[in-house]
Amino acid sequence: MFDRFRVLREISELDPEKDCHKIAFLSGSYDFPQDVEISLGLAFFRTYAIPSIAKILDATKQFENFGQKRYDDTTLILGEFLENGLDSDSGKRAIDRLNEIHKRYGIKNEDFLYTLTTFIFEPARWNDRFGWRKSSPKEKLANFHLWRQIGERMNIKNLPRTYEEMEKFNRNFEKDRFQKTPEGMRLGAATIRIAVGRLPNLPGVHYLVSQALFSLMDPPLRTSMGFSDPNPVLRFLTIATFKIRAFLLKFLWPPRKKPFYVTKRKSPSYPDGYLIENLGPR
41 MFDRFRVLRE ISELDPEKDC HKIAFLSGSY DFPQDVEISL GLAFFRTYAI
91 PSIAKILDAT KQFENFGQKR YDDTTLILGE FLENGLDSDS GKRAIDRLNE
141 IHKRYGIKNE DFLYTLTTFI FEPARWNDRF GWRKSSPKEK LANFHLWRQI
191 GERMNIKNLP RTYEEMEKFN RNFEKDRFQK TPEGMRLGAA TIRIAVGRLP
241 NLPGVHYLVS QALFSLMDPP LRTSMGFSDP NPVLRFLTIA TFKIRAFLLK
291 FLWPPRKKPF YVTKRKSPSY PDGYLIENLG PR
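Basically my numbering = 1-based index in the sequence shown + 40.
Written out as structure tokens, the structure is:
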């Protein structure tokens, strides 16, 4: 019989602040690799619902013209420091590259901060709904401390000092700023095309993927993105599919014996490998 909770026991012995990177790595690379990627993919949509963020992203035309590359660039840059550590050589280079990309745009500090909060809270919220187990309090705190350190290295100002203050900022910012805009709608449509583009080109695939994504979004987000309510039958099937997946992972699927590395899998945009300094728009 496999030991499904081995990683969680190891995490329980660690300190959520001092060992924040190790906890986040164990959680994301062993217990929740696909869940983290799905939840952060959905987090993209939340940033599109903020008009000031959507305006900058839409103006770059990166999602519209180079959607898959934009997704791969983001995934790889984050993977470099999340998998290797903030103080590793590749981790430092990845954060330097992230800062270099962002400095050419007039991004407001509060928009940087809000985007940071989506990386803190969306994975745990996803696990509350669809994970084979919920994120533990230590995992949530570790993710907060890790991303707060990343925020400091990105020179983000006014970072809340506690988990509760950060979450309050996240909730209030969405409540005050979520708004439907043409820019956000274009970004949403482009991102759906990215998801569809990774699947077989069959009739009805775009509709099914769209309905599945709409089903996973909360009503305020759907409204702010200009998306319609999902087909009730497809919404039921989408939710049921992820609930069944969680059951299978918990009781029938053996746990990972080796960590999953985003940076080591074959990337559609970089089949022959990549240099950190070349990731992102030129």
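All residues carry an ideal CB built from backbone N, CA and C; glycine is no exception.
Keep in mind that this is a model prediction, so the values were computed, not measured.
Look up residue i in the DSSP assignment and say whether it is helix, strand or coil.
{"i": "S307", "result": "strand"}
{"i": "Y301", "result": "coil"}
{"i": "Y247", "result": "helix"}
{"i": "L199", "result": "coil"}
{"i": "M257", "result": "coil"}
{"i": "P242", "result": "Rather than Pro, the amino acid found at residue 242 in this sequence is Leu. Three-state DSSP puts L242 in coil, outside helix and strand."}
{"i": "K208", "result": "helix"}
{"i": "Q189", "result": "helix"}
{"i": "M225", "result": "helix"}
{"i": "L292", "result": "coil"}
{"i": "R144", "result": "coil"}
{"i": "Y88", "result": "helix"}
{"i": "W172", "result": "coil"}
{"i": "R322", "result": "coil"}
{"i": "E57", "result": "coil"}
{"i": "D151", "result": "helix"}
{"i": "K283", "result": "helix"}
{"i": "D312", "result": "coil"}
For residue i, is the classification buried or exposed, using 16 other Cβ atoms within 10 angstroms of its Cβ as the cut-off for buried?
{"i": "T154", "result": "For the record, residue 154 in the displayed sequence is Tyr; it is not Thr. By the 10 Å Cβ count, Y154 comes out buried."}
{"i": "S175", "result": "buried"}
{"i": "K180", "result": "buried"}
{"i": "L53", "result": "The sequence as given places Glu at residue 53; Leu does not occur at that position. Exposed."}
{"i": "A99", "result": "exposed"}
{"i": "G146", "result": "exposed"}
{"i": "G131", "result": "buried"}
{"i": "K109", "result": "buried"}
{"i": "W166", "result": "buried"}
{"i": "T202", "result": "exposed"}
{"i": "F42", "result": "exposed"}
Return the CA-CA distance between residue i and residue j, expressed in angstroms with no decimal places.
{"i": "W187", "j": "A230", "result": "27 Å"}
{"i": "K95", "j": "F287", "result": "40 Å"}
{"i": "V334", "j": "E150", "result": "The displayed coordinates of the chain run from 41 to 322. Any statement about residue 334 would go beyond what the structure contains."}
{"i": "G224", "j": "P260", "result": "14 Å"}
{"i": "K208", "j": "L82", "result": "20 Å"}
{"i": "F152", "j": "I135", "result": "14 Å"}
{"i": "L80", "j": "R49", "result": "25 Å"}
{"i": "P340", "j": "G244", "result": "Any answer about residue 340 is impossible in this case: the structure gives the chain only from 41 up to 322."}
{"i": "Y70", "j": "V302", "result": "12 Å"}
{"i": "I90", "j": "G320", "result": "22 Å"}
{"i": "R86", "j": "N210", "result": "11 Å"}
{"i": "N198", "j": "K215", "result": "19 Å"}
{"i": "L315", "j": "K298", "result": "25 Å"}
{"i": "S250", "j": "E317", "result": "34 Å"}
{"i": "P240", "j": "I117", "result": "27 Å"}
{"i": "I284", "j": "R296", "result": "19 Å"}
{"i": "I51", "j": "D113", "result": "29 Å"}
{"i": "L242", "j": "V236", "result": "10 Å"}
{"i": "H246", "j": "L274", "result": "13 Å"}
{"i": "Y310", "j": "F213", "result": "36 Å"}
{"i": "G107", "j": "M206", "result": "30 Å"}
{"i": "T115", "j": "S307", "result": "10 Å"}
{"i": "Q219", "j": "Q189", "result": "30 Å"}
{"i": "A182", "j": "R238", "result": "32 Å"}
{"i": "R217", "j": "A252", "result": "25 Å"}
Looking at C-alpha atoms only, which residue of the options is the closest neighbour of residue i?
{"i": "D55", "options": "L239, N183, K178", "result": "K178"}
{"i": "D59", "options": "F184, P73, I284", "result": "F184"}
{"i": "P272", "options": "L248, F291, G313", "result": "L248"}
{"i": "G191", "options": "L156, M206, A182", "result": "L156"}
{"i": "S92", "options": "G171, R144, T221, N105", "result": "T221"}
{"i": "K148", "options": "F170, N167, N195", "result": "N195"}
{"i": "G228", "options": "K101, D43, F45, R46", "result": "K101"}
{"i": "G171", "options": "R322, F213, Q74, P240", "result": "Q74"}
{"i": "T263", "options": "E104, I234, H61, Y88", "result": "Y88"}
{"i": "F72", "options": "R233, F84, K304, D168", "result": "D168"}
{"i": "H61", "options": "F103, F84, L126, E104", "result": "L126"}
{"i": "R46", "options": "R305, G313, P294, I78", "result": "P294"}
{"i": "I232", "options": "F103, R193, R44", "result": "F103"}
(request) Taking 8 Å as the threshold, find out whether the region 59-72 comes into contact with the region 119-126 through three or more Cβ pairs. (result) In short, these stretches touch, since the Cβ pair count reaches three.
(message) Three or more C-beta pairs under 8 Å: does that hold for the region 138-148 against the region 156-175?
(response) The region 138-148 makes no contact with the region 156-175, as fewer than three CB pairs between them are under 8 Å.
(request) Indicate whether the contact test is met: 3 or more Cβ pairs, each with one atom in the region 270-288 and one in the region 249-257, closer than 8 Å. (result) As far as the Cβ criterion goes, the region 270-288 touches the region 249-257, which means the pair count is three or higher.
(message) So, does the region 263-271 touch the region 288-300, judging by three or more C-beta pairs under 8 Å?
(response) No: the two stretches stay apart, fewer than three of their Cβ pairs being nearer than 8 Å.
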